[in-house]
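Chemist:
2 protein chains.
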Amino acid sequence: MRPTVHDIAAAAGVSLATVDRVLNQRPGVREITRLRVEDAIRTIGYVRDVAAANLAKGRVYPLVFILPTNDNSFMHSLHAEVLQARARASAERTDIRIIEVPAFDPAALVRALEPLLEERPSGVALVATDAPDVRAAVDRLVIAGIPVVTLVSDLTGSRRDHYAGVDNVAAGRTAARLLGRFLGGRAGHLLVLAGSMLVRDHRERLEGFAAVMAEEFPRLTLLPVLEGRDDPELANAFVSDALSKDDAIIGIYSLGAGNRGLIRALKARGQGQDLTVVAHELTEYSAAALKDGTIDVILNQDAGHEVRSAIRVLKAKADGLGVIAAQERIRLDIFVKDNLP
Amino acid sequence: MRPTVHDIAAAAGVSLATVDRVLNQRPGVREITRLRVEDAIRTIGYVRDVAAANLAKGRVYPLVFILPTNDNSFMHSLHAEVLQARARASAERTDIRIIEVPAFDPAALVRALEPLLEERPSGVALVATDAPDVRAAVDRLVIAGIPVVTLVSDLTGSRRDHYAGVDNVAAGRTAARLLGRFLGGRAGHLLVLAGSMLVRDHRERLEGFAAVMAEEFPRLTLLPVLEGRDDPELANAFVSDALSKDDAIIGIYSLGAGNRGLIRALKARGQGQDLTVVAHELTEYSAAALKDGTIDVILNQDAGHEVRSAIRVLKAKADGLGVIAAQERIRLDIFVKDNLP
DNA sequence: CTGTTAGCGCTTTCAC
DNA sequence: GTGAAAGCGCTAACAG
C-alpha cells in the first residue's frame, strides 16, 4: 500500500493538518517542524493522490480558450474539439469557457487576455497572433501564476508555458522534400498558395519550404507567393489564373487552410498540365481530393490532439505537475491516399 | 454542482446503499425500487464520479502485458514503455505485470494466457502471434469478462476488445506509394527485406506494398522477399549479396525491425548504385541513416502511444466505459529527414 | 430486501 | 503554530 498523509503525520509526529500545510506550502508552520515533515515525506517516499485531493477540494479547473472567429474548416474543427472537450468537462473536472476574437487582430486578443488577470482561471489556451502587445499580455498572465498554452500558432519569445501545435518550419521543409522528390529530377515552376503572410505559422511553413527548395532542388523555381486569405473564391481565381498563364508550373504547395478553391481550380484545369500538389489540413474536401488524385500529399495537424493536449498540460501546470513530454508532442501527420484514417 | 448519490437517494426515497446497489448492478434490490432509482438517475442526469468511486474502492487495475522476448530495437522500446508505464503505476492506479514469452511461439503464448483465467486481472494486453490456439485462448478470457487488447500485431477473428497498433496493410501501401513516387518514372527492381513471413504484421505490410506496386507502378519489379529474421548479420549479408548481383535494383523496402544490418550493407555498397530506401521503425540507427541520406523515408509506430492507449482502453473496458475513439487510433508516423522529432 | 455507518486520502474549518 | 473533526462522492460491511 502506498503511504498516505497519515503515515507522514505519524512519522513526523505531527497532525494531518500540519502535514497538509507543508504539502501545500501554506503558512503557519515553524521552520523546524516544516523540515521534520519534509524529511518524513522524503524518506517515506510519499506521493500525493491527486484524485483524492481534488475530491476533497471539490476542485474544478476553470479553463479559458481564446479562438479566432476564422471561417475555415480547420478553425471549425478546432472549435468543435473544444466543444467536445466541454462535453467531457464534468468527468475531467474542467469548466471550459470559449472566448471568440476576430482573427489576426492583436488588439482584440489583448482585450480578451486582460480581464483574465482578474478572473484568474486555472489556465488559458490561445491561438496566438504574433505581436508584441500579445506577448506582453501573455507574460503578465504567466507572471501572475496563470498557466498559458499557445495553440496551433506559437508566440516565441513570450513566457507561455507550452505550445500545443506542430513545428511549422519542419512542416514546410517536409512539404518541400516530398514535392521535390515526387517531381523526380524535373525542372519547372512551383506555385505557393498561402493564407496570409501575417500569420506566423504560414510564414514559418514558407520559410521551411523555401529553404529546402533552395538547398536541394535548384531546378525547381518558386513563383511569388499568392495570398488567398483562405478564401475559396480568391484561391480559385489566383490558381486558375496562374495555371493558365504559366505552362511551366509542375507543382503546387498550398500552405494555408481552406483548400476548396484550390481544388476547384485544379479540377477545372486543362488535361495537359501534370501537377504534383502538396496541401495542408485534412478536411472532407481535401481528403476526397487526395483519394481521387487531385492532391498528392496532405500535411495535417490533429485539432483533437491539440485541444486534449492543451487541457492536459494546463491541468498539470495548475497543479505544478509534470507531463509526459512525448505524449504532448503534436506530430505532423502526413497522408497519401493509402493511409487516410 | 453536479448531482451526487445523495440527490438520487433523496429523489428516489431510498438509502445510499440501495442507490449504490443499483448503480453497480448488484443483486438484492426489488425490481420496483430498482426502477424508481433508475428513473431518478435518469431524470436528475446523474453521472458517477469515477475518481471518488475508485478512491472508495481502493481500486487498482491489475494489468498483464505479454511481450515477446524479441531482440530488436522496436520490441526493446515497447518493453521500455511498459516499464515507464509501470513507473507511473501508483498515480494511475495500475499494477502492471509483464510476462515474457518466446517470439513467434503460439504454444508459449497460450501457456501464458491460460492461467490468467484464474488470476482474473483487470485487463490483458498481448503482442499476438496469429494462430488458432491463441485466438481460442483470447476468446476464453474475453468470454470470462476479462478485457483483452492486442498490441502491435492484431488477432483478427478473435473477440479481443481492441487493437492498439497501426493498420499494417495501409503501412505497406503507403510505403509503396512513397517509394514509387520517389523513383519518378524509373524502371527497375525492388528489394524487399522482411523479418519473417510468419508474423501477421509483416505479411500485411508486404500485401499492401505488393498491391499498390502492381496496380500503380508496373515498371517496378519486386524481387523475391528476403527474410532476415530481424538479424543484423543476416540482413547485411542478404542485402550486400543482392546488391552486388543485381545492378537493376533501384529501391528497397525494409518492412521488418532491426535495420542495422541493412544500413551497414547500404553504406558499404559501391558509389554507382543510386537507391531509394523506405524502412520501418524509427530508432537511433535508422534516424541517423535518415539524416545522412542512407534512408529516404521511415515509417514508424509510436510504442509509447501504443502502450498508453492499451492501458487507457483496458481501464475503460474494465469499468465498462467508452473511450475517445480518435484518441486511440494509432497513427502511422511518416518521417523524412526534415520532420524528425 | 433495505438502511446505517464507517472509511478511502486529502483538505478545511475552527478551536486550542 | 498546531490539532481535532467533519466532509468531498462513493463503496462496503454489517444490521435489521
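Just so you know, the sequences run in chain order F and B. The numbers in the first sequence follow numbering that gives the first Met the number 0, run straight up by one, and end at 340. The numbers in the second sequence follow numbering that gives the first Met the number 0, run straight up by one, and end at 340. Even glycine gets a Cβ: it sits at the ideal position worked out from N, Cα and C. Everything numeric in this text was worked out from a predicted model, so none of it was measured.
Quick one: give me the first and last residue of the beta strand (DSSP E) that Leu125/B is part of.
Modeler: Gly122 to Leu125
Chemist: Determine whether the Cβ of Ala51/B lies closer than 7 Å to any Cβ atom of chain F.
Modeler: yes
Chemist: Examine chain B for any beta-carbon lying closer than 7 Å to the beta-carbon of Phe342/F, and answer yes or no.
Modeler: No statement about residue 342/F is possible, as the shown extent of chain F runs from 0 to 340 and does not include it.
Chemist: Does Asp337/B come within less than 7 Å of chain F when only Cβ atoms are used?
Modeler: Cβ-Cβ to chain F under 7 Å: yes for Asp337/B.
Chemist: Taking the alpha-carbon positions, what's the Glu206/B to Leu22/F distance?
Modeler: 57 Å
Chemist: For the segment 321-337 of chain F, which residues have a beta carbon sitting closer than 9 Å to at least one beta carbon of chain B?
Modeler: Listed by position along the chain: Ile323, Ala325, Gln326, Arg328, Arg330, Leu331, Asp332, Ile333, Phe334, Val335, Lys336 and Asp337.
Chemist: Using 7 Å as the limit for Cβ to Cβ distance, is Gly303/F near chain B?
Modeler: yes
Chemist: Examine the Cβ distances between the segment 193-207 of chain F and the segment 160-171 of chain F and report whether three or more of them are shorter than 8 Å.
Modeler: yes
Chemist: Near Ile275/B, what residues of its chain come up, given a Cβ to Cβ distance below 8 Å and the 5 sequence neighbours on each side ignored?
Modeler: Here the sequence assigns Thr to residue 275/B, which means Ile is not the residue at that position. The beta carbon of Thr275/B sits closer than 8 Å to the beta carbons of Leu178, Phe181, Leu182, Ile249, Gly250, Ile251 and Asp295 from its chain, once the five residues preceding and following it are set aside; these are given in chain order.
Chemist: Go ahead and label Arg330/F buried or exposed: buried means 16 or more other beta carbons lie within 10 angstroms of its beta carbon, across all protein chains shown.
Modeler: buried
Chemist: What do you get for Arg29/F, buried or exposed, if any count of 16 or more other CB atoms within 10 angstroms of its CB means buried?
Modeler: exposed
Chemist: Ala136/B: which of Arg110/B, Leu150/B, Thr155/B and Ser152/B sits nearest, CA to CA?
Modeler: Arg110/B
Chemist: I want to verify the contact list: residues of chain F whose CB lies under 7 Å from the CB of Thr173/B, in sequence order.
Modeler: Val335, Asp337 and Asn338
Chemist: DSSP three-state call for Ala247/F: helix, strand or coil?
Modeler: coil
Chemist: Quick one: complete alpha helix (DSSP H) runs, 4+ long, within the segment 72-125 of chain F?
Modeler: 72-86, 88-91, 105-112 and 115-118
Chemist: Check whether chain F comes within 7 Å of Ser89/B, counting only Cβ atoms and requiring the distance to be less than that.
Modeler: yes
Chemist: How about Arg204/F: is its C-beta nearer than 7 Å to some C-beta of chain B?
Modeler: With 7 Å as the cut-off, Arg204/F does not count as an interface residue toward chain B.
Chemist: DSSP three-state call for Asp129/F: helix, strand or coil?
Modeler: coil
Chemist: Return no unless some Cβ of chain B is closer than 7 Å to the Cβ of Leu54/F.
Modeler: yes
Chemist: Give the interface partners of Ala169/F over in chain B, defined as CB-CB distance under 9 Å, in chain order.
Modeler: Asp337, Asn338 and Leu339
Chemist: Which whole runs of the alpha helix (DSSP H) in the segment 166-216 of chain B are 4 residues long or more, in chain order?
Modeler: 167-181 and 199-215
Chemist: My parser needs the beta strand (DSSP E) runs of 3 or more residues fully inside the segment 270-315 of chain F; what are they?
Modeler: Considered as a whole, the segment 270-315 of chain F harbours 275-279 and 296-299 as its complete beta strand (DSSP E) runs of no fewer than 3 residues, in chain order.
Chemist: For the alpha helix (DSSP H) containing Ala55/B, name the first residue and the last one.
Modeler: Val49 to Lys56
Chemist: By Cβ distance, which residues of its chain are closer than 8 Å to Arg35/F, with the 5 residues on each side in sequence left out?
Modeler: Ala11, Gly12 and Val13
Chemist: Just to confirm before moving on: does the CB-CB distance between Ser89/B and Arg1/F stay below 7 Å?
Modeler: yes
Chemist: Using the Cα positions of Val306/B and Ser239/F, report the straight-line distance between them to the nearest angstrom.
Modeler: Their backbone Cα atoms lie some 48 Å apart in a straight line.
Chemist: For Thr173/B versus Asp337/F, is the C-beta distance shorter than 7 Å?
Modeler: Yes.
Chemist: Measure from the C-beta of Arg47/B to each C-beta in chain F and report whether the shortest distance is under 7 Å.
Modeler: no
Chemist: Val59/B: which of Asp291/B, Asp138/B and Ala50/B sits nearest, CA to CA?
Modeler: Measuring from the Cα of Val59/B, the nearest candidate turns out to be Ala50/B.
Chemist: Give the range of the beta strand (DSSP E) segment to which Ile329/F is assigned.
Modeler: Counting along the chain, Ile329/F falls outside any beta strand (DSSP E), and DSSP gives it neither H nor E.
Chemist: Residues in the segment 196-221 of chain B with C-beta within 8 Å of chain F's C-beta atoms, listed in sequence order?
Modeler: Answer in chain order: Gly207 and Val211.
Chemist: How should Val46/B be labelled, buried or exposed, when 16 other C-beta atoms within 10 angstroms of its C-beta is the threshold for buried?
Modeler: exposed
Chemist: Does the ligand GDP have even one heavy atom less than 6 Å from the beta-carbon of Leu15/B?
Modeler: Among the ligands in the structure shown, none appear at all, so the ligand GDP cannot be discussed.
Chemist: Could you tell me the distance, in whole angstroms, from the CA atom of Thr32/F to the CA atom of Asp19/F?
Modeler: Cα to Cα, the separation comes out at about 12 Å.
Chemist: Work out the CA separation of Tyr284/F and Phe73/F for me, nearest whole Å.
Modeler: 12 Å
Chemist: For Ala163/F, name the three-state secondary structure that DSSP assigns.
Modeler: Secondary structure at Ala163/F: strand, using DSSP grouped into helix, strand and coil.
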